Every structure is written in structure tokens, then in C-alpha cells.
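These protein sequence lines are chains A and B, in that order. Just so we're aligned, residue 61 is where the first sequence starts under my numbering, counting upward by one. Just so we're aligned, residue 109 is where the second sequence starts under my numbering, counting upward by one.
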Amino acid sequence: MLNDIESLIQLMARLPGLGPRSARRAVLHMLQKKDALMRPLAVALQNASDSVGHCSVCGNLDTVDPCTICRDPNRQRATLCVVEQVGHLWAIQRSGVFRGLYHVLGGNLSALDGIGPDDLAIARLVERVSEGSIGEVILALNVTIEGQATAHYIADRLRAFGVTVSRLAQGVPIGGELDYLDDGTLTAAFNSRRPAA
Amino acid sequence: MEWQDEGFVLNRRSHGETAAIVSILTRGHGRHAGLIHGGQGARKSGLLQVGSRLNVTWRGRLSEHLRTFEADPVATNIGYNIDDPGRVAALQAATSLLHMALPEREPYPELFDGFEALSDALVGEAWAHGYIFWEFAFLQSLGFSLDIAACAVTGATEDLTHVSPRSGRAVCAQAAEAYQDRLLKLPPFLAGGRYGGEQDLVDGLVLTGHFLERHVTSTHNLPLPQPRIRLLEICRAMAAQSASTDS
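Quick look at the structure:
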């Protein structure tokens with residue numbers, strides 16, 4: 061039978077970025093700062109667990125449904141950015157570059173893992189596009205073979221609706237030095253070259 | 109123990125937070141899995157895409173251990189292929205079939221050479237033909253070769269138009285006439301003839317797909333891999349588009 065401390069360490073060790081040693085350090089730190097850290101953390105965890113859920117429109121995580129992004133009247137409602145997971149949505153939000161709406165797929169098509177179109181939120185995406193208010197769908201999926209296979213599949217499914225389907229550019233990253241780039245990225249960069257301004 | 113070999117990535121799975129377990133088709137050691145430290149990181153994940161060609165060094169205390177790979181890139185055609193839905197589907201279909209069908213750690217040098225040829229063919233214009241020829245050779249390497257040298261009924265070597273779905277032997281047009289609905293079409297380019305258009309690609313994929321399902325995937329109680337089904341859909345769409353342009 062595990063005592064409370066051990067069971068807390070075991071649960072913490074299951075979090076990404078933490079192993080048993082770092083979980084033990086974190087638990088010890090919390091126990092030493094019960095009032096300042098541990099109790100507020102417990103309350104925050106309980107609150108988040110009670111209130112956070114997936115947005116029924118886009119699949120984002122939020123305390124309200126539809127989520128804050130879907131409710132925001134200042135966002136461009138004709139542009140939809142498709143991402144693989146919520147973490148990618150947050151990354152794009154952090155950059156502040158995109159002011160439209162999102163759609164979270166929940167993964168990629170993967171033959172080896174047995175993930176087919178029915179396992180992803182593709183049908184919901186098609187339904188949103190078919191409602192007619194979307195003018196452009198941006199596929200912001202991983203530039204992996206699985207990610208691009210998913211992008212091709214979605215582009216095919218959306219062709220019938222006459223919306224513009226675009227995807228993110230591929231090539232040399234900001235601050236990238238050519239001799240450190242892999243062959244695939246260099247090839248993609250050359251194929252996607254554009255006239256210099 | 110330690111060995112070095114050249115190989116193509118067939119599959120990559122995450123292991124923990126940073127490592128990846130990669131399955132590689134090598135020339136001398138067959139399909140072999142190993143752990144790559146940092147395989148999920150930005151520096152290595154580009155190298156470990158399905159179909160990438162690597163120089164690998166495997167190290168382990170005993171040969172039966174999983175242990176680790178160190179990988180250096182040789183070449184990759186991913187940058188050429190990734191924009192094209194058909195090429196992506198063909199690459200994924202081939203790697204899925206190899207991963208599904210090959211036993212681990214048994215060398216099949218002819219399959220390595222075949223995949224090498226396919227990898228080059230996928231960059232060219234005739235990528236779909238290259239893929240169908242690859243499936244044809246893949247079936248042959250696994251011991252399920254189709255006999256399309258002569259007609260199973262008359263012995264004729266000319267005008268071979270169909271294949272029996274049971275025996276895998278060719279049937280000439282004259283003998284096939286009464287059974288066309290029960291036979292599979294043999295595209296002329298597979299029998300040494302000329303390419304007649306996108307419908308030939310569909311016929312070729314239906315033909316090899318039938319025998320792959322019968323001899324390879326059904327033994328694992330699995331359907332054809334999803335990318336292989338998608339490849340056929342893509343070729344059907346190409347054939348329909350070509351037919352509508354012609355008319």
C-alpha cells in the first residue's frame with residue numbers, strides 16, 4: 061500500500077518532462093511550501109478538471125463551450141486553420157500571426173497505428189465547411205509523411221465545396237544556415253522558391 | 109556486438125519523450141528495429157521520415173536485444189515527393205506492406221534493391237508504373253509470383269489480356285472472352301506492351317492488390333493498408349479526369 065507521498069510522486073512522475081527523481085524533488089518542494097504552492101495548486105487542478113473541456117465547434121480546450129476563440133466576434137470567420145492538436149493551436153496563437161478560426165483534428169492519418177479518417181475530426185471539418193461561411197482552409201499540419209498524407213486527404217474531401225485550400229510554406233527556417241539543413245528541407249525550399257522582392 | 113549497414117526507414121514510433129524506435133529495411137540485416145536517442149527531436153526527426161535512406165550503426169550486447177541505432181543520412185527523396193498525394197500514398201503503401209510482411213532480422217537483399225529502385229522511380233514522371241512494378245516484384249520475392257509469360261488455357265504468348273484471380277496465370281483475349289467478368293485485367297505495360305493511359309494504372313493496382321490481399325495481408329488478418337487503398341482512389345480519379353478530358 062502506497063502512502064500519500066509515494067502515490068503523489070508516482071502520479072507526478074507520469075507527467076511529461078518529469079521522471080521519478082524530478083517528481084520527488086517537485087513533491088518535496090510542494091510539501092515544504094504547502095500554503096504558498098501546494099494548496100493553490102490543488103485548487104487550480106480541481107477547478108481546471110471541473111471546468112475545462114473540448115470546444116464542440118473546433119476541438120480546442122477551454123472553460124467555456126464554444127471556446128473563447130470561436131466566440132470572439134473580432135476574428136475573421138471566413139478563414140479556418142486546421143491543426144493536428146491543441147498544442148499546435150496554442151503555438152499559432154502565441155505567434156499572433158493568425159486571426160481566423162481553428163479546427164483541431166486530434167491526430168494524423170496513420171496506417172501503422174490504425175488511425176483512419178473516422179478516428180479524426182474530419183467529418184466535423186467537412187460539416188463546418190459545408191455550412192458555406194468558410195472561404196479559405198489553411199492546413200497547418202506537420203511536414204511529415206503522415207501529416208502531408210492527412211493534408212492531401214483533407215484537400216481532396218474539401219475540393220467539392222469550392223473553398224481555397226492552402227498549406228503552410230516549407231523551407232529554410234528563420235535563422236537557418238544552409239549547411240545544417242537536411243536534404244529534404246533543402247529540396248522543399250528549392251521547389252517552393254519565389255521571386256525576390 | 110556492432111554492425112553497420114545502409115537502410116530505408118519503414119516506420120518510426122515515439123518512445124518516451126525524446127527517443128524513437130525506428131524500423132529500418134537494411135540490405136544485409138533485413139527489417140531491423142532499434143532505438144534512436146533524440147529521435148523525436150527537431151535535429152533528427154527530419155532524417156527519420158518514412159522512406160529516408162540512412163547509414164546505420166547498430167550496437168547491442170546480444171544480437172537479440174533491441175538496443176540502439178546511430179543514423180547518418182545518405183539521401184532522401186522526401187522533399188520531391190511530399191507535395192504529391194499519389195507519391196506520398198505510394199511511399200506509405202510500400203513501407204506499410206514491407207513492415208507488415210517481412211519477418212524481422214531476415215535479409216532480403218532483392219527487396220532492398222527493389223525499394224531502392226522504387227524510391228528513385230517515385231521522383232520521376234512514371235512513378236505509378238514504378239510502384240506497380242514494385243508490387244509485382246514484391247509478390248515474386250515473397251513466393252507468390254504471377255505467371256504472365258503465357259496463356260494458362262492455350263499456351264499463347266501473345267495478346268495476354270487477363271489474369272486468373274485463383275491461379276495468378278495469364279489468359280489470352282480469346283480464352284478470356286467468356287469469363288471477362290470473373291478475370292482480372294492485365295495492363296499491357298506489365299506484359300511488355302505499351303502504356304495505354306491512366307486506366308492501365310487502375311487495372312494494374314487492382315490486379316496486384318487482389319494478390320496482396322490474398323497472400324500477404326489476409327495472413328495477418330488485415331485489409332490492405334489505408335495508403336494503398338488511397339493510392340487506388342487517386343489513380344481512379346486520374347483515370348476519370350483523363351477520360352473526361354478525352355471525351
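Glycine residues also receive a C-beta, built at the ideal position from the N, C-alpha and C atoms. Bear in mind the structure is a predicted one, so any value in this text is a computation, not a measurement.
- DSSP places Pro217/B in the uninterrupted alpha helix (DSSP H) bounded by Pro217 to Ala229.
- Among the residues of chain B, those whose CB is under 7 Å from the CB of His212/A are Pro193 and Val196, following chain order.
- Contacts between Glu285/B and chain A, judged by CB atoms closer than 9 Å, are missing: the closest CB pair is about 37 Å apart.
- Within a 10 Å sphere around the beta-carbon of Gly317/B sit 16 or more other beta-carbons, which makes this residue buried.
- Using a Cβ-Cβ cut-off of 9 Å, Asn329/B does not count as an interface residue toward chain A, since no Cβ of chain A sits closer than that to its own.
- Here Arg322/B is not near Pro211/B, since their CB atoms are 9 Å or more apart.
- Within the region 79-154 of chain A, the complete alpha helix (DSSP H) segments of 4 residues or longer fall at 80-92, 99-111 and 128-131, listed in chain order.
- Along the length of the region 142-212 of chain A, whole beta strand (DSSP E) runs at least 3 residues long occupy 160-164 and 196-200, reported in chain order.
- Annotation: Thr262/B has no Cβ neighbours in chain A at a cutoff of 7 Å; minimum Cβ distance is about 41 Å.
- Secondary structure in the region 154-215 of chain B: the beta strand (DSSP E) runs of 3 residues or longer, each lying completely within the stretch, are 161-167 and 176-183 in chain order.
- Going by DSSP, Cys280/B is part of no alpha helix (DSSP H) but of the beta strand (DSSP E) stretching over Ala278 to Cys280.
- Under the three-state reduction of DSSP output, Ile240/B falls in the helix class.
- Not a single CB atom of chain A sits nearer than 9 Å to the CB of Ser326/B.
- Secondary structure at Gln230/A: coil, using DSSP grouped into helix, strand and coil.
- For the region 117-130 of chain B, residues whose beta-carbon sits nearer than 7 Å to a beta-carbon of chain A comprise Asn119 and Glu125.
- Between the region 209-222 of chain A and the region 149-165 of chain B there are fewer than three C-beta pairs closer than 8 Å, too few to call the two in contact.
- What Ile205/A touches in chain B, judged by beta-carbon distance under 8 Å, is Gln157, Val158, Gly159, Ile186, Ile190, Val196, Leu199 and Gln200, going in chain order.
- Scanning its chain for C-beta atoms nearer than 7 Å, with the 5 sequence neighbours on each side dropped, one finds around Ser272/B the residues Ala260, Val279 and Leu291, in chain order.
- With a 10 Å radius around the Cβ and a threshold of 16 neighbouring Cβ atoms, Phe250/A comes out exposed.
- Below the 7 Å Cβ cutoff, chain A contributes no neighbours of Arg139/B, its closest Cβ being approximately 13 Å away.
- The closest CA to that of Leu161/A, considering only Leu172/A, Pro126/A and Ala220/A, is found on Pro126/A.
- The criterion of a C-beta distance shorter than 9 Å is satisfied by Ala200/A and Arg227/A.
- Asp255/B sits in a strand when the DSSP states are folded into three classes.
- Residues Glu144, Gln145, Ile175, Asp179 and Leu180 of the same chain have their beta carbon placed closer than 8 Å to that of Gly167/A, with the five preceding and five following residues left out of the count.
- Using a Cβ-Cβ cut-off of 9 Å, Asp64/A does not count as an interface residue toward chain B, since no Cβ of chain B sits closer than that to its own.
- Taking 9 Å as the cut-off, the Cβ atoms of Gly235/A and Ala248/A do not count as close.
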